[in-house]
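By the numbering used here, the letter at position 337 of the sequence shown is numbered 673, and the numbering carries on one by one without gaps. Here the structure is laid out as structure tokens; the discussion comes afterwards.
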Amino acid sequence: MVKVTSAVIIGIEAATIDVEVDIRAGLPGFEIVGLAGPAVKESRERIRSALKNSGFNYPLHKIVINLAPADIRKNGTLYDLPIALGILAGMGCIPIEQLQRYIVVGELSLDGKLRGVPGMICIAELAARHRKLLLIPEENGSEAAAVTDQSYAVKSLSLAYALLSNNTNIQPIMQSKFSPQQTKRTHHTIVKGQVIAKRMLTIAAAGHHHALLIGPPGTGKTLLAQSVHGLLPPLSTQEALETTKIYSCAGLLPPNSGLMTSRPIRTPHHNVTKAGLLGGGSPIRPGEVSLANNGVLILDELLEFQSDVLQGLREPLESQQIKIVRANERVTYPTKFLLIATTNACPCGYLGDPNHQCRCTQLEIRRYQKKLIGPLLDRIDLFTFLEPLTTEDYQQKQEPILAPVDVCHRNGLLPDEAIQAIQLAPDVQALLNKALQRLKLSGRGYYKTIRIAKTIAELDGQAEIQPQHVAEALRYRWEAAKILD
Ligand SMILES: [Zn+2]
């Protein structure tokens, strides 16, 4: 029996899998055991054809493959290469001790060429952790090189065989250097006017505070929401790694690409399913909330989304991660996205527009706005109502607002204890106490106000929160009260 080390992806982490290949006397056959999904079961035909078309003999014996440990579900085509090489080692064609230095993954095509597999960056991390070499398809080479300089990326089964038989001079791929892309800072210039909304979105981007833009059509709220992406600072190496892992595991990383260099922006349509937004399916895939991790999630026309889909946002907004449980699988994906949402204030859209008559009844308006109240409203930090642009706005000369958002902490992501520990000046405390009563702020709303005020103070270059910072923070909370009342 030959044992080849391979890998399995659980969420965005990889774990080792032993591929045990046993070639026995008996009627020719091929059997895979060990909780293998359909794509793994189909590997037989690919492996047989690839071996034959690469000039090897396929053994006329009974072949039994065991994928261990048996309690983890294995999906995908990544076991083609380790099984094929295990068979070759079992027939004495390659030295077993050579094969055992590697973690091996790769899909085989019928002609023996190798195809890339999802999740390679996670597998490369695993290999680095276990101090193993990596034998992988060429398409995955750049991705693996982002984390290890011990990966051998080859085009075909024949080349993998040549490497293991010391018949070739293949070198490991040089580890690539990460250079984050500076996001283009030509934001906010696409929409004229809307000074308060722009200021609010700058605060949102600077401190990671979720924001909602409310207003009639034609106010530029969608464009404004999209402009937030350009305000965000470049990815850190750690963030780039995490973001790349998610895209790689979702199968969304193009072949021959290394680490992702800019923050993601996702704009799912309001028809998106719960699984599409939150993650799910079989095998489990990350949803939009995770694809937007370390970036921006834009929900345009928030109230057009299905209620249960919106309800599902509660967990990722609250804990910055989402747990998905299926029959044999349980995975956790990070969801540190910045939510920027837009909505009309009523079903017809024209509530608050001085140029159009709103055609909705009071009841319709209340029912519409009620969809927001409850789970979502207290998880959004900043609100503003937009008014249609005036002639003056259109004639205004454009001044791009280049906000120094990098100077701020991501106060929206700080744990509650860190916010509770902030010592406030007496005048700041007095203002907050007054607001607590007048706005009927919840405990959550109270600390949220401090978080936002902290970001505003930092944007101002101040070490301590001043009364004007709290006043501005309250302004964006006030707007929510208009809906709640
Ligand atoms: Zn209306």
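Just so you know, even glycine gets a beta-carbon here, dropped at the ideal spot from N, CA and C. These figures come from a predicted structure and were not determined experimentally.
Kindly list the residues whose CB is nearer than 6 Å to the CB of residue i, restricted to its own chain and excluding five residues on each side of it in sequence; keep chain order.
i, result
"THR580", "ILE457, LEU595 and MET596"
"GLU461", "VAL483"
"THR522", "Legend: pLDDT at THR522 = 48, less than 50; position of this residue unreliable, no value from coordinates given."
"HIS544", "LEU674, ARG746, GLY748 and LEU749"
"ARG437", "LEU469"
"PRO364", "LEU396"
"ILE506", "TYR488 and LEU499"
"VAL344", "ALA351, ILE353, ILE408 and LYS410"
Within 10 angstroms of its Cβ, does residue i collect 16 or more other Cβ (buried), or is it exposed?
i, result
"VAL440", "buried"
"GLU294", "Outside the displayed span of the chain (337 to 821) sits residue 294, for which this structure offers no information."
"SER572", "exposed"
"LEU820", "The predicted model places LEU820 with a pLDDT of 49, which falls under 50 and marks its position as unreliable; any figure quoted below should be read in that light. Exposed."
"GLY824", "Absent from the structure is residue 824, since the part of the chain shown begins at 337 and ends at 821."
"GLY797", "exposed"
"ARG382", "buried"
Please work out which residues of its chain come closer than 7 Å, Cβ to Cβ, to residue i, disregarding the five sequence neighbours upstream and downstream, and give them in chain order.
i, result
"ASN389", "LEU446, ASP447 and GLY448"
"ARG780", "ASP714"
"ILE348", "CYS458, LYS581, ILE582, CYS585 and TYR669"
"TYR686", "PRO552, HIS692, GLN693 and CYS694"
"VAL667", "ILE346, GLY347, ILE620 and ILE660"
Nearest CA to the CA of residue i: which residue from the options?
i, options, result
"ALA611", "HIS605, GLU624, ARG599 and THR603", "GLU624"
"GLY764", "LEU471, ILE401, LEU424 and ALA809", "It should be noted that the sequence gives Val, not Gly, for residue 764. Minimum Cα distance to VAL764 is reached at ALA809."
"PRO803", "PRO762, LEU775 and LEU417", "PRO762"
"ALA586", "GLY616, ALA561, VAL355 and HIS605", "GLY616"
"ARG602", "GLU753, GLU367, ASN629 and ASN592", "ASN629"
"ASP729", "GLY529, LEU424, ILE399 and ASP358", "GLY529"
"MET316", "PRO553, GLU800, PRO652 and SER478", "There is simply no residue 316 to check, as the chain begins at 337 and stops at 821 in what is shown."
"VAL338", "GLU654, ALA766 and LEU435", "LEU435"
"ALA533", "GLY428, LEU722 and PRO652", "LEU722"
"GLN756", "LEU699, THR678 and TYR783", "TYR783"
Using 6 Å as the cut-off, classify the Cβ of residue i as near or not near the heavy atoms of ligand 1, replying yes or no.
i, result
"LEU687", "yes"
"CYS684", "yes"
"CYS696", "yes"
Which same chain residues, not among the five before or five after residue i, have their C-beta less than 8 Å away from its C-beta?
i, result
"GLY391", "SER494"
"SER492", "SER390, GLY448, LYS449 and LEU450"
"LEU777", "ALA771, THR785 and ARG813"
Quick check: is any heavy atom of ligand 2 less than 6 Å from the C-beta of residue i?
i, result
"ALA372", "Within the structure as shown, ligand 2 is missing, the only ligands being ligand 1."
At 4 residues or longer, what runs of the alpha helix (DSSP H) sit wholly inside the region 721-791? 727-731, 752-756 and 762-774
Every unbroken alpha helix (DSSP H) within the region 483-544, with a cutoff of 4 residues, ordered by chain: 493-500 and 531-543
For the region 552-615, list the alpha helix (DSSP H) runs that are entirely contained and at least 4 residues long, ordered along the chain. 557-563, 573-585 and 610-614
Kindly provide the ranges of any alpha helix (DSSP H) runs that are 4 or more residues long and lie completely inside the region 383-468, ordered along the chain. 416-426, 432-435 and 456-465
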